[in-house]
Amino acid sequence: MHDKTLAELGRGLADKQFSAEELTRALLARIERLDPQLNSFISVTGELALSQAKAADARRAAGESGALLGLPIAHKDLFCTQGIRTSCGSKMLDNFKAPYDASVVARLAAAGTVTLGKTNMDEFAMGSGNESSYYGPVKNPWNPAHVPGGSSGGSAAAVAARLLPAATGTDTGGSIRQPAALTNLTGLKPTYGRVSRWGMIAYASSLDQGGPLARTAEDCALLLQGMAGFDDKDSTSVDQPVPDYRASLNDSLEGLRIGLPKEYFGAGLDPRIADRVMAAVEELKKLGASVKEISLPNMQHAIPAYYVIAPAEASSNLSRFDGVRFGYRCENPSNLEDLYKRSRGEGFGAEVKRRIMVGAYALSAGYYDAYYLQAQKIRRLIKNDFIAAFKDVDLILGPTTPNPAWKIGAKGDDPVAAYLEDIYTITANLAGLPGISMPGGFVDGLPVGVQLLAPYFQEARLLNVAHRYQQVSDWHQQTPAGY
Ligand code: GLN
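This note's numbering numbers the first residue of the sequence shown as 4 and each following residue consecutively.
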């Protein structure tokens, strides 16, 4: 059963080939057997999963037939789950049991999904290699010496290793698309405002967006359907109808205009990745798409702007972790100041502290204009570049990452080297646009991702193009050895 997609499992449940309880027991056993070598879960929620599976079987027996009813998933450990540890990959929240479910968790649970557990992640979603987790690094199932990408690295590794068919992630600067690329999955970052952020522990509020990680575009469509939609609890949620994402998966690509930004194919890109990306372009042409070169002239400023804005928002968001209200508290504080200092000093890891310091500095009175304000202006220019480009093309295509997965520890003492890996993904977050990464082949046995970006709220178009590509390619069906 573990090698079936969400859509196939849904059909198996509908045809009564197996029950949700049997499926859940089989996957829990697989997680117990194989996850110790990957470290993709922070918590496995076997009891909850079995009770949800039994409830789903009962609903089905009573005549219900929802598309997600009885299907197993896991949540990145920054989605609040009532009564269950929600750690955000941090010692700070190691003892935190959320008092409520995030909207995404509640919606998917109401649709009948079965939660197998909470997945490992970079601490507070800061990272691209899943190396900053308090719970230790996650291994890439394609080669355990390499990172699975981050920050949703646990979700990616678990799905890639067929421990379960799909999982949620969040993407602030690439954290769904980049791990999807590095583990041979399909991952979608929706338009900012499409998926509720309520109950999603904030990293950088103006950039964060939840979305699905799965093996196929069809499965991403299924999971997104259960996640998307207006939520009056999130003031940045957009009240716009949610289309039927599966209904348009097979739409024709005849006449589709694809733009290839020349800045995406310049220095810094591994030429073998460029070859894989261009091979995907050739397939899309055969399906009826036309291709033209475009320019996103301000892309070179994206990394510096992002690495001011994201830490600035993080330093403000993370001020709530003060050792008083919830989370980690140091032993025997001598006074209030000592309590704050040591609780934060002992509770946060090195990367989180670095970002808090950078952010606080960028927001300080003397430097606000020089850094934060300047970065916000660049953000507007980047958004304008996209708006101009989408006047001529329907989609923008390029690599998801400049290189395949690096070796665990290889960028350990050079945070900027890791930041540079985000070059192709962060612009979509700065502009609020939707993007998808789909499998496009391999380099040295490590997966390569092809990224597509679309205008606001055109997730259906991204899923359609990725699905059509997956009908004529089999990269997404490749399985890592031993899984
Ligand atoms: N790698 C980026 C960062 O560290 C993006 C992470 C994310 O999308 N959560 O900020």
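All residues carry an ideal CB built from backbone N, CA and C; glycine is no exception.
The continuous alpha helix (DSSP H) containing Val-284 extends over residues 274-289. Taking 4 residues as the minimum length, the alpha helix (DSSP H) runs contained wholly in the segment 392-448 are 418-423, 429-434, in order along the chain.
Contact check for Ile-276 against Pro-402 passes: the beta carbons are separated by less than 8 angstroms. By the Cβ-count criterion, Met-360 is exposed, with fewer than 16 other Cβ atoms from all chains shown falling within 10 Å of its own Cβ.
At least one heavy atom of ligand 1 falls within 7 angstroms of the beta-carbon of Gly-130.
Under a 10 Å Cβ-count criterion, Val-311 is classified as buried, with 16 or more other Cβ atoms of the shown protein chains found around its own Cβ.
Assigned with DSSP and collapsed to three states, His-149 falls in strand. A Cβ-Cβ distance of about 6 angstroms is found for the pair Asp-80 and Thr-89, placing them in contact under the 8 angstroms criterion. Leaving aside the five residues that flank Ala-169 on each side, the residues in its chain whose CB is nearer than 7 angstroms to its CB run, in chain order, Leu-9, Ile-76, Val-162, Pro-215, Leu-216, Ala-217, Asp-222, Leu-226. Arg-464 sits buried, since 16 or more C-beta atoms from the chains shown fall within 10 Å of its C-beta. A check of alpha carbon separations from Thr-404 across Leu-166, Val-107, Phe-268, Lys-356 identifies Phe-268 as the nearest. For the pair Met-230 and Leu-111, the CB atoms are nearer than the 8 angstroms cut-off. Non-local C-beta neighbours of Glu-286 in its own chain, meaning closer than 7 angstroms and more than five positions away in sequence, comprise Tyr-472, Val-475, Ser-476, ordered along the chain. Counting C-beta atoms within 10 angstroms of its own C-beta, Pro-274 has fewer than 16 neighbours from the protein chains shown and is therefore classed as exposed. Within 10 angstroms of the beta-carbon of Asp-341 lie fewer than 16 other beta-carbons, which makes it exposed. Contact check for Ala-305 and Ile-439: beta-carbon distance about 19 angstroms, past the 8 angstroms limit, so the pair fails to qualify. DSSP links Gly-452 through a beta bridge to Pro-442. DSSP places Val-162 in the uninterrupted alpha helix (DSSP H) bounded by 156-163. Per DSSP, Lys-344 is not a residue of any beta strand (DSSP E); the alpha helix (DSSP H) it occupies stretches across 339-350.
Assignment of Arg-382 by DSSP, reduced to helix, strand and coil, places it in the helix class. If you check the C-beta of Thr-175 against ligand 1, you find a heavy atom less than 7 angstroms away. Counting C-beta atoms within 10 angstroms of its own C-beta, Pro-244 has fewer than 16 neighbours from the protein chains shown and is therefore classed as exposed. Along the segment 79-146, the alpha helix (DSSP H) occurs as fully enclosed runs of 4 or more residues at 106-113, listed in sequence order.
From the listed residues Gly-190, Gly-213, Asp-247, the smallest Cα separation to Trp-201 is found for Gly-213. Shown here for Asn-146: same chain residues with a beta carbon closer than 7 angstroms to its own, the five before and five after excluded, namely Gly-448, Leu-449 in chain order. Under the DSSP definition of a beta bridge, Pro-215 partners with Thr-171. Following the DSSP letters along the chain, one finds Pro-182 in no beta strand (DSSP E) but inside the alpha helix (DSSP H) bounded by residues 180-186. When distances are taken from the beta-carbon of Ala-70 to the heavy atoms of ligand 1, even the shortest one reaches 7 angstroms or more.
For Leu-30, the enclosing alpha helix (DSSP H) begins and ends at 23-37. Rounded to whole angstroms, Leu-398 and Leu-455 show a C-alpha spacing of 7 angstroms. Under the three-state reduction of DSSP, Phe-233 is assigned to coil, being neither helix nor strand.
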